[in-house]
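S.K.: Here it is, the structure, as structure tokens.
Residue numbers (our numbering): 48 to 388.
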């Protein structure tokens with residue numbers, strides 16, 4: 048990706064700063080799609096990869112080889128041969144200790160994703176970009192990679208061309224991305240994650256619920272707010288979430304609220320009461336109880352614990368979330384501000 052494609056904002060507040068990447072104004076509101084070598088991105092944006100940052104685009108990072116650590120929100124994931132990471136817009140991320148990495152990165156806005164077939168789009172968004180259990184990643188074997196590389200090469204060749212008809216170009220990329228993601232679903236190693244029965248009515252309801260939570264978790268905290276729009280009973284929705292995410296509808300809602308709260312507590316100086324009101328709580332005491340019940344500590348304790356750790360993100364990076372997860376055997380799972388010293 049060329050530097051001029053993205054606009055970078057480095058905002059400093061007191062002794063804290065963060066990076067935010069947006070499409071350049073001439074690319075905004077378009078069906079933009081980019082595929083770049085990961086090493087090209089490293090060369091262009093070395094500092095940006097090491098600092099915590101967010102990208103207002105969907106992105107896919109496929110590491111053919113190499114090693115390192117991918118930090119996403121509050122967890123670390125090991126980079127290894129064949130690992131693929133799927134990130135929705137505004138996921139907080141950074142990389143450290145990248146060594147001998149080879150691979151490709153793809154990014155695109157919501158407008159581009161809408162060009163993909165509705166049924167496949169539901170699978171992609173629910174299983175790859177908005178999984179109920181957190182963060183989606185898989186492993187692509189060498190044999191599977193060989194089958195997918197012709198698609199990647201077509202993407203790279205098309206990316207180097209200048210199309211007069213941008214809509215036609217976007218449709219071409221959407222078709223290729225659809226084929227690539229179908230192969231990743233079919234051939235990737237997803238651990239416990241299952242893509243079976245995704246065309247069923249039950250999955251369609253589940254997928255719609257997960258997307259609705261992403262869109263309305265600030266306004267709607269109760270399950271009844273969602274079942275009214277979905278047209279199903281709470282018992283039925285509970286069966287579907289247990290089937291596809293092994294959890295309850297309320298837990299999915301609360302997890303999304305807590306994730307946003309953690310981001311704001313860790314990466315901003317916003318007060319707890321303001322965070323509670325922003326997240327839709329009229330009474331901040333209820334927010335504090337919900338947070339403590341789910342996290343095991345109060346919002347203030349969480350902030351103090353996180354902020355007491357060193358936060359340099361260069362080679363001397365010292366802060367480590369409580370748990371280091373391996374990306375290989377596991378399956379998937381905005382006052383959004385992330386800040387670093």
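Don't be surprised by glycine CBs; every beta carbon is placed ideally from N, CA and C.
Can you find the residues in the same chain that come closer than 8 Å, C-beta to C-beta, to residue 194, ignoring five residues on each side of it along the sequence?
M.R.: Within the chain shown, the letter at position 147 stands for residue 194. So the qualifying residues of the chain are 230 and 234.
S.K.: Would you mind reading off the limits of the alpha helix (DSSP H) that contains residue 277?
M.R.: Position 230 of the chain shown holds residue 277. It spans 270–277 - the alpha helix (DSSP H) in which residue 277 sits, taken as one unbroken run.
S.K.: Tell me the DSSP secondary structure of residue 102 in three-state form.
M.R.: Sequence index remark: in the chain shown, residue 102 carries index 55 (1-based). In this structure, residue 102 counts as strand in the three-state DSSP scheme.
S.K.: Using the C-alpha atoms, what's the distance from residue 115 back to residue 152?
M.R.: As a first step, residue 152 must be located in the chain shown, where it is residue number 105. As a first step, residue 115 must be located in the chain shown, where it is residue number 68. Annotation: residue 152 to residue 115 spans about 16 Å, alpha carbon to alpha carbon.
S.K.: Which first and last residues belong to the alpha helix (DSSP H) in which residue 83 is found?
M.R.: In the chain shown, residue 83 corresponds to position 36, counting from 1. Careful: residue 83 lies outside any alpha helix (DSSP H), inside the beta strand (DSSP E) at 81–84.
S.K.: Judging by CA-CA distance, which residue of 112, 120 and 134 is the nearest neighbour of residue 187?
M.R.: Taking the chain shown and counting its residues from 1, one reaches residue 187 at position 140. It is 112.
S.K.: Can you give me the C-alpha to C-alpha distance between residue 227 and residue 337, rounded to a whole angstrom?
M.R.: Here residue 227 refers to the residue found at position 180 of the chain shown. Here residue 337 refers to the residue found at position 290 of the chain shown. The straight-line gap from Cα to Cα measures roughly 40 Å.
S.K.: Measuring alpha carbon to alpha carbon, tell me which residue in 198, 223, 315 and 266 is nearest residue 163.
M.R.: As a first step, residue 163 must be located in the chain shown, where it is residue number 116. With distances taken between Cα atoms, residue 163 lies closest to 223.
S.K.: Measuring straight from C-alpha to C-alpha, what distance separates residue 119 and residue 314?
M.R.: Counting from one through the chain shown, the residue named residue 119 turns up at place 72. Counting from one through the chain shown, the residue named residue 314 turns up at place 267. Their Cα atoms are separated by approximately 13 Å.
S.K.: Under 8 Å between the Cβ atoms of residue 251 and residue 172?
M.R.: Within the chain shown, numbered from 1, the residue matching residue 251 stands at position 204. Within the chain shown, numbered from 1, the residue matching residue 172 stands at position 125. Not closer than 8 Å, so no.
S.K.: Measuring straight from C-alpha to C-alpha, what distance separates residue 303 and residue 325?
M.R.: One-based indexing of the chain shown puts residue 303 at position 256. One-based indexing of the chain shown puts residue 325 at position 278. Roughly 14 Å separates the two Cα atoms.
S.K.: Could you check the C-alpha separation between residue 127 and residue 80 for me, to the nearest Å?
M.R.: The residue given as residue 127 occupies position 80 in the chain shown. The residue given as residue 80 occupies position 33 in the chain shown. Those two C-alpha atoms are separated by around 25 Å.
S.K.: Measuring CA to CA, which of 219, 284 and 341 is closest to residue 201?
M.R.: Here residue 201 refers to the residue found at position 154 when the chain shown is read from its first residue. It is 219.
S.K.: What separation, rounded to the nearest whole angstrom, lies between the Cα atoms of residue 385 and residue 103?
M.R.: Looking up residue 385 in the chain shown gives position 338. Looking up residue 103 in the chain shown gives position 56. At residue 385, the pLDDT of 29 sits below 50, so the modelled position is not reliable; the number obtained from the coordinates is stated separately. Rounded to whole angstroms, residue 385 to residue 103 spans 13 Å at the Cα level.
S.K.: Tell me the start and end of each unbroken beta strand (DSSP E) in the segment 283–369 that is at least 3 residues and wholly inside, in chain order.
M.R.: Fully enclosed beta strand (DSSP E) runs of 3 or longer: not present.
S.K.: Please state whether DSSP places residue 51 in a helix, a strand or coil.
M.R.: Reading the chain shown from its first residue, position 4 is the one you call residue 51. The predicted model places residue 51 with a pLDDT of 49, which falls under 50 and marks its position as unreliable; any figure quoted below should be read in that light. Of the three classes helix, strand and coil, the one that applies to residue 51 here is helix, per DSSP.
S.K.: Residue 278: buried (16+ other C-beta within 10 angstroms of its C-beta) or exposed?
M.R.: Working through the chain shown from its first residue, we reach residue 278 at position 231. Exposed.
S.K.: What is the DSSP secondary structure of residue 372, counted as helix, strand or coil?
M.R.: In the chain shown, the residue the question calls residue 372 occupies position 325. Here the model assigns residue 372 a pLDDT of 35, short of 50, so the residue's position is not dependable and the matter cannot be decided.
S.K.: Quick check: the Cα distance between residue 266 and residue 125, rounded to an integer number of angstroms?
M.R.: Here residue 266 is taken as the residue at index 219 of the chain shown, counted from 1. Here residue 125 is taken as the residue at index 78 of the chain shown, counted from 1. Approximately 35 Å, taken between the alpha carbons.
S.K.: Output needed for residue 261: all residues of its chain with C-beta closer than 6 Å, excluding positions within five of it in sequence on either side, in chain order.
M.R.: As a working mapping, residue 261 is identified with position 214 in the chain shown. The residues are 177.
S.K.: In this structure, what does DSSP give as the bridge partners for residue 119?
M.R.: In the chain shown, the residue the question calls residue 119 occupies position 72. In DSSP, residue 119 forms a bridge with 122 and 140.
S.K.: Does DSSP put residue 280 in a helix, in a strand, or in coil?
M.R.: Working through the chain shown from its first residue, we reach residue 280 at position 233. Residue 280: coil per DSSP, three-state reduction.
S.K.: Starting from residue 226 and walking both ways along the alpha helix (DSSP H), at which residues does that stretch end?
M.R.: By one-based count along the chain shown, residue 226 stands at place 179. 213–234 is the span of the alpha helix (DSSP H), which, as asked, contains residue 226.
S.K.: Could you tell me the distance, in whole angstroms, from the CA atom of residue 217 to the CA atom of residue 161?
M.R.: Taking the chain shown and counting its residues from 1, the one referred to as residue 217 is at position 170. Taking the chain shown and counting its residues from 1, the one referred to as residue 161 is at position 114. Answer to the nearest angstrom: the Cα atoms are 11 Å apart.
S.K.: Can you give me the Cβ contacts of residue 328 inside the same chain, cut-off strictly under 6 Å, excluding the 5 residues immediately before and after it?
M.R.: Within the chain shown, numbered from 1, the residue matching residue 328 stands at position 281. Counting only Cβ-Cβ distances below 6 Å, and skipping sequence neighbours, we find 334.
S.K.: Taking residue 199 as the reference, give the member of 306, 292 and 221 with the closest Cα.
M.R.: The residue labelled residue 199 in the question sits at position 152 within the chain shown. Closest option to residue 199, Cα to Cα, is 221.
S.K.: Does DSSP put residue 155 in a helix, a strand or coil?
M.R.: Counting from one through the chain shown, the residue named residue 155 turns up at place 108. Here residue 155 sits in strand by DSSP.
S.K.: For residue 130, count neighbouring Cβ atoms within 10 angstroms of its own Cβ and tell me buried if that reaches 16, exposed if not.
M.R.: Sequence index remark: in the chain shown, residue 130 carries index 83 (1-based). By the 10 Å Cβ count, residue 130 comes out buried.
S.K.: Distance, Cα to Cα, residue 360 vs residue 319?
M.R.: As a working mapping, residue 360 is identified with position 313 in the chain shown. As a working mapping, residue 319 is identified with position 272 in the chain shown. Reliability fails at residue 360, whose pLDDT of 34 lies under 50, so the model's placement of it is uncertain and no value is given.
S.K.: So what does residue 134 bridge to, in DSSP terms?
M.R.: Sequence index remark: in the chain shown, residue 134 carries index 87 (1-based). The partner list for residue 134 (beta bridge, DSSP) reads 106.
S.K.: Looking only at its chain, what residues have a beta carbon closer than 8 Å to the beta carbon of residue 312, apart from the 5 residues adjacent to it on each side?
M.R.: Within the chain shown, the letter at position 265 stands for residue 312. Answer for residue 312: 319, 322, 346, 349, 350 and 353, listed in chain order.
S.K.: Determine which residues share a DSSP beta bridge with residue 149 and list them.
M.R.: Position 102 of the chain shown holds residue 149. Secondary-structure assignment with DSSP links residue 149 through a beta bridge to 112.
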